[in-house]
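S.K.: Have a look at this one.
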Amino acid sequence: MMEKIGILGGMGSAAGLYFAQQLIALNTTARQDVDHVPFILYSDPHIPNRVEAFLNRSTNPAPSVVTSLDKLATLGANFGVVICNTAHIYFDEISDQVKMPLINMVENAVEHIEASFPQARVGLLATTATVKSGLYARYFSKLNRSLAIPDDDDQALLMTAIFDTEFGIKATGNLPSMKAIEVLIEVATRLRERSGATHLILGCTELSFAIQGHRWAGFQIIDPVKVLAQHCLDRMATARGNIYSIAA
Numbered sequence: 445m446m447e448k449i450g451i452l453g454g455m456g457s458a459a460g461l462y463f464a465q466q467l468i469a470l471n472t473t474a475r476q477d478v479d480h481v482p483f484i485l486y487s488d489p490h491i492p493n494r495v496e497a498f499l500n501r502s503t504n505p506a507p508s509v510v511t512s513l514d515k516l517a518t519l520g521a522n523f524g525v526v527i528c529n530t531a532h533i534y535f536d537e538i539s540d541q542v543k544m545p546l547i548n549m550v551e552n553a554v555e556h557i558e559a560s561f562p563q564a565r566v567g568l569l570a571t572t573a574t575v576k577s578g579l580y581a582r583y584f585s586k587l588n589r590s591l592a593i594p595d596d597d598d599q600a601l602l603m604t605a606i607f608d609t610e611f612g613i614k615a616t617g618n619l620p621s622m623k624a625i626e627v628l629i630e631v632a633t634r635l636r637e638r639s640g641a642t643h644l645i646l647g648c649t650e651l652s653f654a655i656q657g658h659r660w661a662g663f664q665i666i667d668p669v670k671v672l673a674q675h676c677l678d679r680m681a682t683a684r685g686n687i688y689s690i691a692a
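Read the sequence shown against the numbering used here and you will find it ends at 692, with the numbers running on by one and no gaps.
Pasting the structure below:
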């Protein structure tokens, strides 16, 4: 019997659904329902704020993440994914306690970058918690590679594009406001000009569905959510004997 993917979403609210959509969209060989992969999606918007937890030492989200993942395991998921970059700050704590194997979205994205773009100068747009924790930078350091990040002023500006209660992506959902997009372009453009980065990691799931396309603001885009979806398809294809394909 084919494995079932356990998808934990709700961080932000559309993240899990976006990942599930990628599992379907990237399975370009599917011709009928049975050609698609089974998954269980659980969206829990009440998991404590991951940014606040890291920056201000508020409630640790890890116990709630573990509880939600265990629900997915009980429902029959064979392995799990957490569709939130910042939550991966707590990945080791979570994976040590949960009842099923987990795939690390951040580690998986960096492995993809090393395999596909070994010489590229890479930049990162992400929450301040993800940046300050060194979540992505640690993996790059292990590869003797550097990672370009916005300066402090631009990082603060980026956070408004995500979290502002009037125009931020969390407030507007699947239809990002023009103001948020303008802010993102402004920050990304300065990052490219300052660092020479040619490839850009969308290190926050709000950015993943706000920024579409393979190229954006002069960058080659790397979306960890899409990369993870393809990884899951490849993993399940091995057992099934099929090859799922992804657009370049």
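Virtual Cβ for every residue (Gly too), placed ideally from N, Cα, C.
Please read all numbers here as calculations on a predicted model, not as lab measurements.
Indicate whether the contact test is met: 3 or more Cβ pairs, each with one atom in the region 531–542 and one in the region 496–510, closer than 8 Å.
M.R.: Judged by Cβ distances under 8 Å, the region 531–542 makes contact with the region 496–510, as three or more pairs qualify.
S.K.: Going by the beta-carbon positions, is the gap between Ala-605 and Leu-628 smaller than 7 Å?
M.R.: In this structure, Leu-628 lies closer than 7 Å to Ala-605 by Cβ.
S.K.: So, is His-480 buried or exposed, given that buried needs 16 or more other C-beta atoms within 10 angstroms?
M.R.: His-480 comes out exposed.
S.K.: Which whole-angstrom value is the C-beta distance of Gly-616 and Val-495, which I expect to be below 8 Å?
M.R.: The residue asked about is misnamed: residue 616 is Thr in this sequence, not Gly. Rounded, the Cβ-Cβ distance is 18 Å, inconsistent with contact.
S.K.: On the three-pair Cβ rule with 8 Å, is the region 640–654 touching the region 557–567?
M.R.: Output reads yes: the region 557–567 touches the region 640–654.
S.K.: Any idea if Met-455 is buried or exposed, counting beta-carbon neighbours within 10 angstroms, 16 or more meaning buried?
M.R.: With 16 or more Cβ atoms within 10 Å of its Cβ, Met-455 is classed as buried.
S.K.: Going by the CB atoms, is the gap between Lys-670 and Gln-466 shorter than 7 Å?
M.R.: In this structure, Lys-670 lies closer than 7 Å to Gln-466 by Cβ.
S.K.: Would you list, in sequence order, the uninterrupted alpha helix (DSSP H) runs of no fewer than 4 residues that lie entirely inside the region 564–611?
M.R.: Here the runs fully enclosed are 572–577, 579–586 and 596–607.
S.K.: Can you say whether Val-631 is buried or exposed, counting buried as having 16 or more other CB atoms within 10 angstroms of its CB?
M.R.: The residue is buried, with at least 16 neighbouring Cβ atoms inside 10 Å.
S.K.: Mark Val-526 as exposed unless 16 or more other C-beta atoms lie within 10 angstroms of its C-beta, in which case mark it buried.
M.R.: The residue is buried, with at least 16 neighbouring Cβ atoms inside 10 Å.
S.K.: Enumerate in chain order the residues of its own chain whose CB-to-CB distance from Asn-522 is below 6 Å, with the five nearest sequence positions on each side excluded.
M.R.: Hits under 6 Å: Glu-447 and Lys-448.
S.K.: Whole angstroms are fine: how far does the CA of Thr-472 sit from the CA of Ile-533?
M.R.: For Ile-533 and Thr-472, the distance between alpha carbons rounds to 33 Å.
S.K.: Please confirm whether any heavy atom of the ligand SAM lies closer than 6 Å to the CB of Pro-545.
M.R.: Although the ligand SAM was asked about, the structure shown includes no ligands whatsoever.
S.K.: Given a threshold of 16 other Cβ atoms within 10 Å of its Cβ, counted over all protein chains shown, does Thr-503 qualify as buried or as exposed?
M.R.: Classification for Thr-503: exposed.
S.K.: Here's the rule I'm using: 16 or more other beta-carbon atoms within 10 Å means buried, otherwise exposed. How should His-675 be labelled?
M.R.: So His-675 ends up on the buried side.
S.K.: To the nearest angstrom, how far is the alpha carbon of Tyr-486 from that of Leu-499?
M.R.: Their backbone Cα atoms lie some 26 Å apart in a straight line.
S.K.: Can the beta-carbon of Gly-524 be found less than 7 Å from the beta-carbon of Gly-460?
M.R.: For Gly-524 and Gly-460, no; Cβs fall outside 7 Å.
S.K.: Could you check where the beta strand (DSSP E) with His-713 kicks off and where it finishes?
M.R.: Because residue 713 is not part of the residues shown, which for the chain are 445 to 692, the question remains open.
S.K.: Identify which residue in Ile-547, Lys-515 and Ala-517 has its Cα closest to the Cα of Asn-529.
M.R.: Nearest of Ile-547, Lys-515 and Ala-517 to Asn-529, Cα basis: Ile-547.
S.K.: Let's see if you can read the secondary structure: which residues bound the alpha helix (DSSP H) around Ile-538?
M.R.: Where Ile-538 is concerned, the enclosing alpha helix (DSSP H) stretches over 535–539.
S.K.: On the three-state DSSP scale, how would you describe Ile-449?
M.R.: Residue state, collapsed to three classes: strand.
S.K.: Along the alpha helix (DSSP H) that carries Phe-498, what are the first and last residues, could you check?
M.R.: Start and end: 494–500.
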